[in-house]
Amino acid sequence: MTGMRILLVLLAAGVAFAQADYDLLLKGGRVIDGRNNLNAVRDVAIKGDRIAAVAADIPSSRAQRTVDVTGLLVTPGLIDIHVHVYAGTGERNSYAGDNSVYPDGFTFRAGVTTVADAGGAGWRNFDDFRDRIINRSLTRVLAFLNIVGNGMRGGKLEQDLSDMEVKPTADTALKHKGLIVGIKSAHYAGRDWAPFERGEEAARIAGVPFMVDFGNNFPERPLYDLLNKVYRPGDIYTHMYSGLRDEQDEATGGPSRAMIDGRKRGVIFDVGHGGGSFFWRVAVPMVKAGFIPDTISTDLHITSMNSGMKDMLNVMSKFLILGLPLEQVILQSTWNPAKAIQHEELGHLSAGSIADVAVLRLEKGDFGFTDAGNGRLRGNQKLTCELTIKSGRVQWDLNGLSRDDWEKQPPPRKKR
Ligand SMILES: [Zn+2]
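Residue numbering for the sequence shown follows our numbering, beginning at 55 and increasing consecutively.
Below, the structure is given as structure tokens:
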């Protein structure tokens, strides 16, 4: 080719690029978007960091790059509202330290684009959490602020009532509203109500929900009163299938009166699987009785990910094999959590919304799913993640669906 011809070809390519309406087109997948009542084969077009269009047939010629996702599921990026990602402080045996994981290493490979750290930081160390994790992660990281000023640092610090202060907690939550999406109480081993009343008060002032891990179970502070007296509608009860605090009715195996009445009042029930908070002996009869999650979450940390929990898709698959419809499980992992944390711009694929997308495969086969007590339930389907797009950019691509065959790649630039 002459120099002139090369120039013309390059110019033509440049024009073609400039004229593409979309950067990326996901073609032929089954789109499941509960917020928009969509469960059908659709094409999804992305431009920049936004969903540009969702339609029955968008021509490939309009996109710079087309990815064939025929036979796969296309869902909003998954939202996991209970994780522990305050890593890197160097503190041992602490969820503001070694018990946490860095989000990007564990999110995208499971289709997750947004997480909420559940109380790793309190008002004293939120700035450190923000600088260390939120600002440095590609994953969208949000936080429930611990009512304990020192956050989830274990031992005596988490039990110190004098460090559970309403005002600085509420002030910090208000100052970072949007990043701080709720207040958290966890692991409280005392018999009094103070942590829960103060957490609720801080949440009320900040206009965010209160999430509780109810700690030790005592007759002096029954679950019924937390869910039906302390809680406001929209507050979140996590570890719903732990069975550790009278979630389950002993006689029937179904949900207790506390849970039934709490749901009637608008309490949000969250899975929070974790390392010790999800048992088949609780989940099977409760789901059979119709008590299903509002939100599916992992309680990701170094222990849960290496035991029964594994990852978000494993937890979602557990509800598929418990018989929940696929659309419902996706809803519980996208739009429902988006609403629960007041981020309604997330969790759906409406045109103009942020392009957080997961492309999932529903595998058929013989699989086993273990709970927090190493009990196994076998099932014949399982979700895996092919492609994760966060704010319009591919962050995970298991089989290179969006990539070129290596022979077709342009030659590498020579180093000088
Ligand atoms: Zn947790």
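All C-beta atoms, glycine included, are put in the ideal place defined by N, C-alpha and C.
What first and last residue would you give for the beta strand (DSSP E) that runs through residue i?
i: M265; result: 264-266
i: K210; result: No beta strand (DSSP E) contains K210, which DSSP labels as neither H nor E.
i: S239; result: 234-239
i: V98; result: 92-101
i: I105; result: 104-109
i: R447; result: 447-451
i: K81; result: 76-87
i: N200; result: 194-200
i: K418; result: 411-424
Considering only residues of the same chain and omitting the five flanking positions on each side of residue i, which have a CB-CB separation below 6 angstroms?
i: G68; result: A caution first: G68 carries a pLDDT of 49, below 50, which makes its placement in the model unreliable, though a value can still be read off. Closer than 6 angstroms at the Cβ level, and outside the excluded window around G68, lies no residue.
i: H241; result: E212, G269
i: R84; result: V95, L127
i: V383; result: M370, F373, L374
i: L441; result: V413, D451, L455
i: I105; result: L403, A405, S407, A409
i: S351; result: D134, I135, H136, D324, V325, G326
i: R186; result: G142
i: K468; result: none
i: S296; result: S331
i: R311; result: none
i: D348; result: I322, F323, N390
i: F421; result: G433, K436
Assuming contact is defined by CB atoms lying nearer than 9 angstroms, are residue i and residue j in contact in what I supplied?
i: A256; j: I201; result: yes
i: V220; j: R252; result: yes
i: A405; j: V108; result: yes
i: V22; j: Y285; result: Lying outside 55 to 470, the shown extent of the chain, residue 22 is not represented and no answer is given.
i: G429; j: K372; result: no
i: I443; j: L78; result: yes
i: D353; j: T292; result: yes
i: I86; j: L92; result: yes
i: D324; j: M294; result: yes
i: G208; j: N147; result: yes
i: V336; j: Q386; result: no
i: M363; j: H397; result: no
i: A172; j: H136; result: yes
i: L487; j: G308; result: As displayed, the chain neither begins before 55 nor continues past 470, which places residue 487 out of reach and without an answer.
i: V139; j: G82; result: no
Return the chain-ordered list of same chain residues with a C-beta closer than 7 angstroms to the C-beta of residue i, the five sequence neighbours on each side being excluded.
i: A70; result: Any reading at A70 must be qualified, since the residue scores a pLDDT of 48, below 50, and its modelled position is unreliable; the value itself is stated next. Excluding residues within five positions, none has a Cβ falling inside 7 angstroms.
i: G401; result: R89, P130, I133, T388, W389, P391, A392
i: L431; result: W334, I375, F423
i: D103; result: I408, A409, S445, G446
i: Q463; result: none
i: I395; result: I135, A170, L196, V235, G236
i: A299; result: This sequence places Arg at residue 299; Ala is not what is there. These residues qualify, in order along the chain: F268, N271, L277.
i: E461; result: none
i: K418; result: N434, Q435
The alpha helix (DSSP H) that contains residue i, what's its start and end?
i: V336; result: 334-342
i: Q472; result: Not covered by the structure: residue 472. The range shown for the chain is 55 to 470.
i: N434; result: Not the alpha helix (DSSP H): N434 falls in the beta strand (DSSP E), residues 430-444.
i: P222; result: 220-229
i: I314; result: 311-319
i: I135; result: Per DSSP, I135 belongs to no alpha helix (DSSP H); it is in the beta strand (DSSP E), 132-137.
Could you check how far apart the C-beta atoms of residue i and residue j are, in whole angstroms? I think they sit under 8 angstroms.
i: A227; j: V266; result: A227 to V266, Cβ: 16 angstroms. No contact.
i: I356; j: N179; result: Contact doesn't hold; Cβ gap of about 19 angstroms is too wide.
i: L437; j: L367; result: 4 angstroms
i: L196; j: T168; result: 7 angstroms
i: G174; j: M206; result: 5 angstroms
i: L215; j: A243; result: Not confirmed; about 12 angstroms, so no contact.
Given residue i, which residues of its chain have a CB within under 8 angstroms of its CB, disregarding the five upstream and five downstream residues?
i: D458; result: none
i: A116; result: Note that residue 116 is Arg in the sequence shown, not Ala. The residues are A74, D75, Y76, L79, A99.
Does the beta-carbon of residue i, which I'm using as the reference point, lie nearer than 8 angstroms to any heavy atom of ligand 2?
i: V166; result: This structure lacks ligand 2; its bound ligands are ligand 1.
Can a CB atom of chain C be found closer than 9 angstroms to the CB of residue i?
i: A164; result: Of the protein chains in the structure, only one exists, and it is not chain C.
Residues surrounding ligand 1 [beta-carbon distance to nearest heavy atom under 5 angstroms]:
Going by the Cβ distance cut-off, the answer is A172, D353.
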